[in-house]
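In the working numbering, the protein residues as written are 541 to 618.
By construction, the Cβ of each residue, glycine as well, lies at the ideal position given by its N, Cα and C atoms.
Being a predicted model, the structure only gives us computed values, none of them experimental.
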Amino acid sequence: MTHRKIGYFDVEGTCYVAKPGRWRGKYVISEDGEELQEKLCTTLHENEEDACAEGLTLGIAAARRLMREREGFDPGGE
541 MTHRKIGYFD VEGTCYVAKP GRWRGKYVIS EDGEELQEKL CTTLHENEED
591 ACAEGLTLGI AAARRLMRER EGFDPGGE
């Protein structure tokens, strides 16, 4: 599991075995411990590392959108 702070939000990128030998990414966006958004990625990957990386990447993009909607600015990827 990987974690990033984007503005007010915590983004966790995780993954799980979707079928034998294939992994699927997932992300969870939370604020102050409260889960705001969770989404499963659609791409199947051959390894855990790539699946988790996709989950984190998509989670960061979603958190940046939430910051733009809520605060009117994009905190960037950091």
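Nearest-angstrom Cβ-Cβ length linking residue i and residue j, presumed shorter than 8 Å
i           : j           : result
residue 585 : residue 578 : At roughly 19 Å, the Cβ-Cβ gap does not stay under 8 Å, so residue 585 and residue 578 are not in contact.
residue 567 : residue 602 : 7 Å
Cβ neighbour criterion (16 or more within 10 Å) applied to residue i
i           : result
residue 556 : exposed
residue 565 : buried
residue 620 : Missing from the structure shown is residue 620; the chain here goes from 541 to 618 and no further.
residue 554 : buried
Identified DSSP bridge partners for residue i
i           : result
residue 552 : 543 and 568
residue 580 : 566
residue 574 : 571
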